[in-house]
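In the working numbering, the protein residues as written are 9 to 200.
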(Lines of atoms letter the chains of each structure in order from A; the text may use other names.)
(Lines give C-alpha, C1' and ligand atoms only; values in the text may rest on other atoms or scores of the structure.)
Protein backbone atom coordinates (compact mmCIF):
# COMPACT_ATOMS: atom_id res chain seq x y z
CA UNK A 9 0.00 0.00 0.00
CA UNK A 10 1.36 3.39 -0.98
CA UNK A 11 1.82 5.98 1.71
CA UNK A 12 -0.20 9.16 1.49
CA UNK A 13 2.99 11.11 0.69
CA UNK A 14 3.65 8.88 -2.35
CA UNK A 15 0.20 9.50 -3.84
CA UNK A 16 -0.42 11.96 -6.64
CA UNK A 17 -2.31 15.15 -5.76
CA UNK A 18 -5.33 13.71 -7.58
CA UNK A 19 -5.26 10.54 -5.45
CA UNK A 20 -4.76 12.59 -2.30
CA UNK A 21 -7.83 14.66 -3.20
CA UNK A 22 -9.82 11.44 -3.66
CA UNK A 23 -8.69 10.23 -0.24
CA UNK A 24 -9.72 13.51 1.41
CA UNK A 25 -13.13 13.38 -0.29
CA UNK A 26 -13.65 9.76 0.81
CA UNK A 27 -12.72 10.51 4.42
CA UNK A 28 -15.04 13.54 4.47
CA UNK A 29 -17.85 11.45 3.03
CA UNK A 30 -17.35 8.72 5.62
CA UNK A 31 -17.41 11.30 8.43
CA UNK A 32 -20.63 12.89 7.16
CA UNK A 33 -22.81 9.81 6.68
CA UNK A 34 -25.25 8.80 9.40
CA UNK A 35 -26.13 5.12 9.76
CA UNK A 36 -29.86 4.35 9.83
CA UNK A 37 -30.55 0.95 11.39
CA UNK A 38 -33.70 -1.00 10.56
CA UNK A 39 -33.86 0.24 6.96
CA UNK A 40 -34.13 -2.24 4.10
CA UNK A 41 -31.54 -1.60 1.39
CA UNK A 42 -33.05 -4.31 -0.82
CA UNK A 43 -36.33 -2.43 -1.19
CA UNK A 44 -34.45 0.75 -2.08
CA UNK A 45 -32.40 -1.08 -4.70
CA UNK A 46 -35.48 -2.85 -6.10
CA UNK A 47 -37.38 0.43 -6.46
CA UNK A 48 -34.46 2.20 -8.13
CA UNK A 49 -33.81 -0.70 -10.51
CA UNK A 50 -37.50 -0.94 -11.41
CA UNK A 51 -37.64 2.80 -12.16
CA UNK A 52 -34.45 2.43 -14.21
CA UNK A 53 -35.86 -0.42 -16.31
CA UNK A 54 -39.05 1.56 -16.92
CA UNK A 55 -37.01 4.63 -17.88
CA UNK A 56 -34.97 2.59 -20.36
CA UNK A 57 -38.11 1.01 -21.87
CA UNK A 58 -39.52 4.49 -22.50
CA UNK A 59 -36.15 5.88 -23.58
CA UNK A 60 -35.50 3.23 -26.21
CA UNK A 61 -39.00 3.67 -27.65
CA UNK A 62 -38.08 7.34 -28.03
CA UNK A 63 -34.78 6.40 -29.66
CA UNK A 64 -36.64 4.30 -32.26
CA UNK A 65 -38.98 7.21 -32.98
CA UNK A 66 -36.05 9.63 -33.27
CA UNK A 67 -34.50 7.54 -36.03
CA UNK A 68 -37.72 7.91 -38.00
CA UNK A 69 -37.54 11.72 -37.82
CA UNK A 70 -34.34 12.27 -39.75
CA UNK A 71 -30.66 12.46 -38.97
CA UNK A 72 -30.33 11.56 -35.28
CA UNK A 73 -27.97 13.31 -32.90
CA UNK A 74 -24.76 11.71 -31.69
CA UNK A 75 -26.42 10.92 -28.35
CA UNK A 76 -29.28 9.09 -30.05
CA UNK A 77 -26.84 7.06 -32.15
CA UNK A 78 -24.87 6.10 -29.02
CA UNK A 79 -28.06 5.04 -27.28
CA UNK A 80 -29.13 2.90 -30.22
CA UNK A 81 -25.70 1.32 -30.55
CA UNK A 82 -25.65 0.41 -26.85
CA UNK A 83 -29.32 -0.30 -26.17
CA UNK A 84 -28.93 -4.04 -25.55
CA UNK A 85 -25.97 -3.56 -23.22
CA UNK A 86 -27.79 -0.92 -21.19
CA UNK A 87 -31.10 -2.80 -20.97
CA UNK A 88 -29.47 -6.08 -19.99
CA UNK A 89 -27.29 -4.36 -17.40
CA UNK A 90 -30.30 -2.64 -15.84
CA UNK A 91 -32.15 -5.94 -15.54
CA UNK A 92 -29.11 -7.75 -14.13
CA UNK A 93 -28.62 -5.04 -11.52
CA UNK A 94 -32.24 -5.40 -10.48
CA UNK A 95 -31.66 -9.08 -9.81
CA UNK A 96 -28.30 -8.58 -8.12
CA UNK A 97 -28.92 -5.51 -5.98
CA UNK A 98 -32.53 -6.30 -5.11
CA UNK A 99 -31.29 -9.26 -3.10
CA UNK A 100 -28.99 -7.06 -0.98
CA UNK A 101 -31.44 -6.57 1.89
CA UNK A 102 -28.94 -6.45 4.75
CA UNK A 103 -26.65 -3.71 3.48
CA UNK A 104 -26.38 -0.69 5.78
CA UNK A 105 -28.50 2.33 4.92
CA UNK A 106 -27.27 5.87 5.59
CA UNK A 107 -28.32 9.49 5.36
CA UNK A 108 -26.08 12.02 3.66
CA UNK A 109 -28.23 14.92 4.92
CA UNK A 110 -30.02 15.05 1.55
CA UNK A 111 -31.05 11.44 0.88
CA UNK A 112 -31.55 8.11 2.58
CA UNK A 113 -29.73 5.46 0.57
CA UNK A 114 -27.67 2.28 0.86
CA UNK A 115 -24.15 3.11 2.05
CA UNK A 116 -22.58 1.56 -1.05
CA UNK A 117 -24.64 3.92 -3.24
CA UNK A 118 -23.55 6.88 -1.11
CA UNK A 119 -19.92 5.83 -1.61
CA UNK A 120 -20.33 5.45 -5.38
CA UNK A 121 -22.17 8.79 -5.57
CA UNK A 122 -19.48 10.53 -3.54
CA UNK A 123 -16.84 9.11 -5.87
CA UNK A 124 -18.68 10.16 -9.04
CA UNK A 125 -19.19 13.65 -7.64
CA UNK A 126 -15.40 13.99 -7.45
CA UNK A 127 -14.38 12.33 -10.74
CA UNK A 128 -17.40 12.69 -13.07
CA UNK A 129 -16.77 10.52 -16.17
CA UNK A 130 -13.00 10.26 -16.13
CA UNK A 131 -11.59 7.74 -13.69
CA UNK A 132 -9.73 4.49 -13.31
CA UNK A 133 -10.45 1.38 -11.31
CA UNK A 134 -7.41 2.20 -9.20
CA UNK A 135 -8.94 5.55 -8.26
CA UNK A 136 -12.20 3.90 -7.21
CA UNK A 137 -10.25 1.36 -5.17
CA UNK A 138 -8.25 4.10 -3.45
CA UNK A 139 -11.43 6.05 -2.70
CA UNK A 140 -13.03 2.97 -1.13
CA UNK A 141 -9.89 2.14 0.88
CA UNK A 142 -9.77 5.68 2.25
CA UNK A 143 -13.46 5.51 3.17
CA UNK A 144 -12.77 2.32 5.11
CA UNK A 145 -10.05 4.00 7.14
CA UNK A 146 -12.87 5.93 8.81
CA UNK A 147 -15.76 3.48 8.46
CA UNK A 148 -15.00 -0.18 7.74
CA UNK A 149 -17.36 -1.83 5.29
CA UNK A 150 -19.06 -5.15 5.87
CA UNK A 151 -17.78 -7.98 3.69
CA UNK A 152 -20.96 -8.17 1.58
CA UNK A 153 -20.85 -4.41 0.95
CA UNK A 154 -17.56 -4.70 -0.90
CA UNK A 155 -19.21 -6.88 -3.55
CA UNK A 156 -21.98 -4.30 -4.00
CA UNK A 157 -19.70 -1.29 -4.60
CA UNK A 158 -19.17 -1.77 -8.35
CA UNK A 159 -22.84 -2.66 -9.02
CA UNK A 160 -23.80 0.52 -7.15
CA UNK A 161 -21.45 2.52 -9.36
CA UNK A 162 -23.02 0.86 -12.41
CA UNK A 163 -26.51 1.73 -11.13
CA UNK A 164 -25.65 5.41 -10.76
CA UNK A 165 -24.06 5.54 -14.21
CA UNK A 166 -27.11 3.88 -15.77
CA UNK A 167 -29.44 6.31 -13.98
CA UNK A 168 -27.39 9.20 -15.35
CA UNK A 169 -27.46 7.73 -18.86
CA UNK A 170 -31.25 7.36 -18.62
CA UNK A 171 -31.67 10.98 -17.48
CA UNK A 172 -29.36 12.40 -20.16
CA UNK A 173 -30.97 10.07 -22.71
CA UNK A 174 -34.42 11.44 -21.91
CA UNK A 175 -33.13 14.95 -22.63
CA UNK A 176 -31.52 13.74 -25.86
CA UNK A 177 -34.77 12.15 -27.05
CA UNK A 178 -36.57 15.44 -26.41
CA UNK A 179 -34.29 17.09 -29.00
CA UNK A 180 -33.28 14.12 -31.19
CA UNK A 181 -32.16 16.02 -34.27
CA UNK A 182 -30.19 18.82 -32.64
CA UNK A 183 -26.46 19.02 -33.15
CA UNK A 184 -25.82 19.62 -29.44
CA UNK A 185 -24.91 16.66 -27.30
CA UNK A 186 -26.33 16.07 -23.83
CA UNK A 187 -23.01 14.45 -22.92
CA UNK A 188 -24.02 10.81 -23.24
CA UNK A 189 -20.95 9.29 -24.96
CA UNK A 190 -18.60 9.80 -21.97
CA UNK A 191 -21.12 8.19 -19.59
CA UNK A 192 -21.63 5.22 -21.88
CA UNK A 193 -17.87 4.84 -22.37
CA UNK A 194 -17.17 4.88 -18.63
CA UNK A 195 -20.05 2.48 -17.99
CA UNK A 196 -18.55 0.05 -20.50
CA UNK A 197 -15.16 0.44 -18.80
CA UNK A 198 -16.64 -0.29 -15.36
CA UNK A 199 -18.40 -3.42 -16.60
CA UNK A 200 -15.22 -4.95 -18.08
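Yeah, the Cβ is synthetic: ideal placement off N, Cα and C, and Gly gets one too.
A quick note: this is a predicted structure, and the numbers were derived from the prediction, not measured.
Could you tell me how far apart the beta carbons of residue i and residue j are, in whole angstroms, since I believe they sit closer than 8 angstroms?
| i | j | result |
| --- | --- | --- |
| residue 106 | residue 36 | 6 angstroms |
| residue 123 | residue 139 | 5 angstroms |
Under the three-state reduction of DSSP, which class applies to residue i: helix, strand or coil?
| i | result |
| --- | --- |
| residue 22 | helix |
| residue 17 | helix |
| residue 95 | helix |
| residue 42 | helix |
| residue 200 | coil |
| residue 9 | Below a pLDDT of 50, predicted positions are generally treated as unreliable, and residue 9, at 49, falls in that range; the measurement from the model is reported next regardless. Three-state DSSP puts residue 9 in coil, outside helix and strand. |
| residue 100 | coil |
| residue 149 | coil |
| residue 53 | helix |
| residue 73 | coil |
| residue 6 | Nothing can be reported for residue 6: it is not among the residues displayed for the chain, which extend from 9 to 200. |
Tell me residue i's beta-bridge partners as DSSP assigns them.
| i | result |
| --- | --- |
| residue 105 | 114 |
| residue 35 | 106 |
Cα-Cα, which of the options is closest to residue i?
| i | options | result |
| --- | --- | --- |
| residue 55 | 190, 194, 172, 78 | 172 |
| residue 114 | 47, 16, 91, 69 | 47 |
| residue 42 | 160, 99, 14 | 99 |
| residue 59 | 193, 197, 168 | 168 |
| residue 40 | 102, 90, 199, 200 | 102 |
| residue 179 | 192, 27, 77 | 77 |
Tell me the residue span of the alpha helix (DSSP H) that contains residue i.
| i | result |
| --- | --- |
| residue 135 | 133 to 146 |
| residue 174 | 157 to 178 |
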